[in-house]
Structure formats: structure tokens, C-alpha cells
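Residue numbers (the working numbering): 19 to 321.
The block underneath contains the structure these notes are about, expressed in C-alpha cells.
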Ligand code: GUN
């Protein structure tokens with residue numbers, strides 16, 4: 019039987035509707051409008067398209083959205099001063115510096131300069147530490163892993179006691195999603211294994227997974243025979259494997275392939291995310307969710 023397709027596009031739309039209402043209520047009860055600034059240094063085409071999408075979504079949800087474009091040769095000190103300005107600005111609840119940064123700027127220094135209480139990307143070491151501790155400590159979960167957890171929960175998958183296998187150990191996806199799924203509580207409480215390039219018998223680990231989360235960045239890495247029948251498969255891979263002409267716009271667009279052989283895997287899995295249209299749409303949505311949370315925390319602190 020063919021797997022249920024977990025549509026990130028549909029679930030993201032559902033969450034955005036919820037957020038729109040929350041923004042309206044927050045405005046009506048406190049006068050606070052969530053403020054998000056995205057800082058783009060340089061003109062990398064992929065970064066421009068991500069930042070534009072973030073700004074558009076923020077505006078659609080009724081945020082105060084600022085896109086602060088800076089030239090490629092911006093000095094590191096000037097970027098740090100800009101972050102400091104937004105750290106001190108009470109109308110801004112979320113600060114996002116689009117990565118990657120030009121080579122002359124120290125990325126770590128920049129991410130560490132963002133006020134952890136405005137770090138809606140969840141990349142600051144303080145927020146990474148809060149995620150490790152879990153429970154009430156957590157302020158902002160990083161957006162892609164938070165989106166993965168939402169997809170699992172909203173598709174009705176049981177996580178309590180489930181065998182979760184994460185393929186990949188990146189700081190942005192693998193490590194945080196492993197930590198999220200092992201926390202005590204609803205939507206988690208799983209038994210988590212992280213496998214990576216140093217793991218022996220990768221296939222044997224994957225075959226045990228009730229929930230298989232693949233974030234390796236290797237197109238088609240996970241073979242259909244590695245999937246336990248009925249498992250939930252979350253494919254985080256977005257690999258550009260070529261180009262084609264879009265039927266809609268007539269323009270050249272990238273052909274994207276996940277880390278899982280989707281067509282074969284869907285005949286074995288119980289549920290599976292497509293690429294594109296799976297995890298991708300969730301990342302921006304969770305950024306918006308973090309920004310609303312940040313604005314609400316400010317409202318609470320003023321009571
Ligand atoms: N570049 C690509 N993805 C991201 C992201 O999620 N956050 C930031 N800040 N930069 C990115």
C-alpha cells in the first residue's frame with residue numbers, strides 16, 4: 019500500500035492561519051505587533067530568495083517586517099553594531115542574520131552577538147543549551163527541527179517510546195532534532211539513535227526506526243529496503259540534482275531530490291514527506307512562530 023504523504027505545505031498553511039489569529043489577538047489585547055528584522059549581507063541569489071520569502075510571510079501574518087540589506091563589503095564591527103541597535107530596539111522581537119556570511123565576517127561572533135531573547139533562529143549557544151535542558155528552559159527551538167517535530171505530531175504519529183533514528187549530526191538539524199525527540203513529554207519521549215558518516219551498518223540502524231529522520235545531504239542515500247514497513251519517514255534533504263524549465267513561469271528552476279528514494283520508499287513507509295513540499299515550507303513557518311512567541315514573552319514581562 020502507498021504511504022500517506024505528509025504535506026509540509028498544508029501543515030505550514032494550517033499553522034500560519036493559527037499564527038495570524040494569535041497576532042490579531044496580541045495586537046488587540048496589548049497593542050504589540052511582532053517585529054522581525056532580517057539582515058542580509060551581500061547579494062547571494064539563494065539568500066535573497068530566502069530573505070524575500072521570510073519578509074513576505076511576516077507581512078502576510080501582520081508583522082512589522084524589516085529587511086535590512088547590507089553590502090558585501092560591510093565590516094564585521096559594523097554588522098555587530100547593527101545587531102546591537104536591534105537588540106536595544108523594543109519594537110523588534112526577532113533578529114535573523116541570513117547565513118552564509120561573506121568570508122571576512124566571523125559567523126560565530128555574529129550569532130553570539132544576537133540577544134538570546136531575540137534569537138528566533140535558535141542558533142545562539144544559550145538557546146542550544148536551553149534545548150539540551152528541555153522543559154520550561156526552552157525559548158526558541160531552531161526552525162527546521164521544530165518544523166520536523168510539528169510534522170510528526172500533526173500527522174498523528176505516536177512518538178512516545180518510538181524508535182527514532184536520525185541520519186546526520188549537523189548543528190542545524192541532526193543534533194537538535196535528536197535532542198528534541200528525546201525530551202520527556204508529548205510529541206517526544208522517544209528512544210533516539212543518531213547515525214552519521216562514522217557509523218557502521220547504517221542500514222541496520224535505519225531498519226529499526228519507527229520514525230526515520232534523514233538529514234545527510236546525500237541524494238537517495240536511504241534505500242527502500244532500509245525502511246521498516248509502516249515507518250514514518252521525514253526527508254530533510256534538499257539536493258539540487260539538475261535544472262528544468264518551470265511549466266508555470268517558463269524560467270529555469272532547480273530539480274530537487276531528497277536523501278530518500280521517494281518513489282520506492284512510499285511503497286514501504288506508512289507515511290513520508292515529499293521533496294519539495296515536505297520539511298521545506300515548515301522552516302519559515304516556525305521562524306514566524308518563534309517571533310510571535312518572543313512578542314508574547316515581551317507582553318507577559320510588561321504585565
Ligand atoms: N541560511 C539558510 N537557512 C538559514 C536559516 O534557517 N537561518 C539563517 N539565519 N540563515 C540561513
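Think of the CB as a built atom: it goes at the ideal place given N, C-alpha and C, for glycine as much as any other residue.
In this text, all values refer to a predicted model and were calculated from it rather than measured experimentally.
**Prompt:** For residue 192 versus residue 212, is the C-beta distance shorter than 8 angstroms?
**Reply:** Counting from one through the chain shown, the residue named residue 192 turns up at place 174. Counting from one through the chain shown, the residue named residue 212 turns up at place 194. In contact: residue 192 and residue 212 (Cβ atoms closer than 8 angstroms).
**Asked** Run through DSSP, which three-state label would residue 99 get?
**Response** Indexing the chain shown from 1 puts residue 99 at position 81. It is helical.
**Prompt:** In this structure, what does DSSP give as the bridge partners for residue 260?
**Reply:** Along the chain shown, read from residue 1 onward, the residue named residue 260 stands at position 242. BP columns for residue 260 point to 273.
**Item:** Assigned secondary structure, residue 176 (DSSP; H/G/I helix, E/B strand, else coil)
**Value:** The count along the chain shown starts at 1 and reaches residue 176 at position 158. Residue state, collapsed to three classes: coil.
**Message:** Quick check: the Cα distance between residue 275 and residue 248, rounded to an integer number of angstroms?
**Reply:** Taking the first residue of the chain shown as 1, we reach residue 275 at position 257. Taking the first residue of the chain shown as 1, we reach residue 248 at position 230. Each residue's alpha carbon lies about 22 angstroms from the other.
**Asked** Can you give, in chain order, each stretch of the alpha helix (DSSP H) that sits fully within the segment 202 to 227 and has at least 4 residues?
**Response** 220 to 225
**Cβ neighbour criterion (16 or more within 10 Å) applied to residue 56** = Your numbering for residue 56 matches position 38 in the chain shown. Here residue 56 is buried: its Cβ has 16 or more other Cβ atoms, across all protein chains shown, within 10 Å.
**Request:** Go ahead and pull the three-state DSSP assignment for residue 116.
**Result:** Walking along the chain shown from the start, residue 116 turns up at place 98. Correct three-state label for residue 116: coil.
**Item:** Closest Cα partner of residue 301 within the set 45, 139 and 244
**Value:** Numbered from 1 along the chain shown, position 283 holds the residue referred to as residue 301. Taking only the C-alpha atoms, the option nearest residue 301 is 139.
**Message:** Considering only their Cβ atoms, is the gap separating residue 252 from residue 198 smaller than 8 angstroms?
**Reply:** Translated into positions along the chain shown, residue 198 becomes position 180. Translated into positions along the chain shown, residue 252 becomes position 234. Going by C-beta atoms, residue 198 is not nearer than 8 angstroms to residue 252.
**Prompt:** Could you give the C-beta distance for residue 303 and residue 297, rounded to a whole number, given that I count them as a contact under 8 angstroms?
**Reply:** Taking the first residue of the chain shown as 1, we reach residue 303 at position 285. Taking the first residue of the chain shown as 1, we reach residue 297 at position 279. In fact, because the Cβ distance is near 11 angstroms, the residues do not count as touching under 8 angstroms.
**Asked** Taking DSSP as the reference, what is the three-state secondary structure of residue 82?
**Response** Counting from 1 along the chain shown, the entry for residue 82 is found at position 64. If DSSP states are grouped into helix, strand and coil, residue 82 belongs with the strands.
**Asked** Going by C-alpha distance, which of 38, 186 and 167 is nearest residue 178?
**Response** Walking along the chain shown from the start, residue 178 turns up at place 160. Of the listed residues, the one whose Cα sits closest to residue 178 is 167.
**Prompt:** Can you round the beta-carbon distance between residue 308 and residue 112 to whole angstroms, since I take them to be within the 8 angstroms contact cut?
**Reply:** Position 290 of the chain shown, counted from the start, is the residue given in the question as residue 308. Position 94 of the chain shown, counted from the start, is the residue given in the question as residue 112. That belief holds up - the Cβ atoms of residue 308 and residue 112 are roughly 6 angstroms apart, short of 8 angstroms.
**Asked** Thinking C-alpha only, which one of 76, 137 and 116 is nearest residue 105?
**Response** Translated into positions along the chain shown, residue 105 becomes position 87. Here the closest residue by C-alpha is 137.
**CB contact flag (residue 245, residue 286, <8 angstroms)** = Here residue 245 corresponds to residue number 227 of the chain shown, with the count starting at 1. Here residue 286 corresponds to residue number 268 of the chain shown, with the count starting at 1. In this structure, residue 286 lies closer than 8 angstroms to residue 245 by Cβ.
**Asked** In chain order, what residues of the same chain lie with their CB nearer than 7 angstroms to the CB of residue 299, ignoring the 5 residues before and after it?
**Response** Taking the chain shown and counting its residues from 1, one reaches residue 299 at position 281. 26, 27 and 30.
**Message:** Assuming residue 50 and residue 316 are in contact, meaning their beta carbons sit under 8 angstroms apart, how far apart are those beta carbons, in whole angstroms?
**Reply:** Against the chain shown, residue 50 aligns to sequence position 32. Against the chain shown, residue 316 aligns to sequence position 298. At roughly 6 angstroms, the Cβ-Cβ gap stays under 8 angstroms, so residue 50 and residue 316 are in contact.
**Asked** Does DSSP put residue 92 in a helix, in a strand, or in coil?
**Response** Stepping through the chain shown from its first residue, residue 92 is reached at position 74. It is coil, neither helix nor strand.
**Message:** For residue 234, would you say it is in contact with chain B, using Cβ-to-Cβ distances shorter than 8 angstroms as the test?
**Reply:** No chain B appears in the structure shown, which is made up of a single protein chain.
**Message:** Let me check you understand the geometry: is the CB of residue 250 closer than 7 angstroms to at least one non-hydrogen atom of the ligand GUN?
**Reply:** For the purposes of this step, residue 250 is taken as the residue at position 232 of the chain shown. For residue 250, the Cβ stays outside the 7 angstroms cut-off from all heavy atoms of the ligand GUN.
**Asked** To the nearest angstrom, how far is it from the Cα of residue 102 to the Cα of residue 278?
**Response** For the purposes of this step, residue 102 is taken as the residue at position 84 of the chain shown. For the purposes of this step, residue 278 is taken as the residue at position 260 of the chain shown. For residue 102 and residue 278, the distance between alpha carbons rounds to 42 angstroms.
**Asked** Would you say residue 161 and residue 305 are within 8 angstroms of each other, going by their C-beta atoms?
**Response** Position 143 of the chain shown, counted from the first residue, corresponds to residue 161. Position 287 of the chain shown, counted from the first residue, corresponds to residue 305. A contact, by the Cβ cut-off of 8 angstroms.
**Request:** Have a look at 189, 219, 182 and 218 and flag the residue whose alpha-carbon is nearest the alpha-carbon of residue 201.
**Result:** Walking along the chain shown from the start, residue 201 turns up at place 183. The option with the nearest alpha carbon to residue 201 is 182.
**Message:** Suppose the cutoff is 6 angstroms on Cβ atoms and the five residues either side in sequence are ignored; what does the same chain contact list for residue 172 look like?
**Reply:** If you number the chain shown from 1, residue 172 lands on position 154. Same-chain partners within the cutoff: 29.
**Message:** Can you tell me whether residue 150 is buried or exposed? The criterion is at least 16 other CB atoms within 10 Å of its CB, across all chains shown.
**Reply:** Position 132 of the chain shown, counted from the start, is the residue given in the question as residue 150. Under this definition residue 150 is an exposed residue.
**Prompt:** So residue 254 is in the alpha helix (DSSP H); what residue range does that whole segment cover?
**Reply:** Looking up residue 254 in the chain shown gives position 236. From DSSP, residue 254 is part of no alpha helix (DSSP H); its letter is neither H nor E.
**Asked** For residue 115, is the beta carbon positioned less than 7 angstroms from some heavy atom of the ligand GUN?
**Response** Within the chain shown, the letter at position 97 stands for residue 115. It does: the Cβ of residue 115 is within 7 angstroms (strictly closer) of some heavy atom of the ligand GUN.
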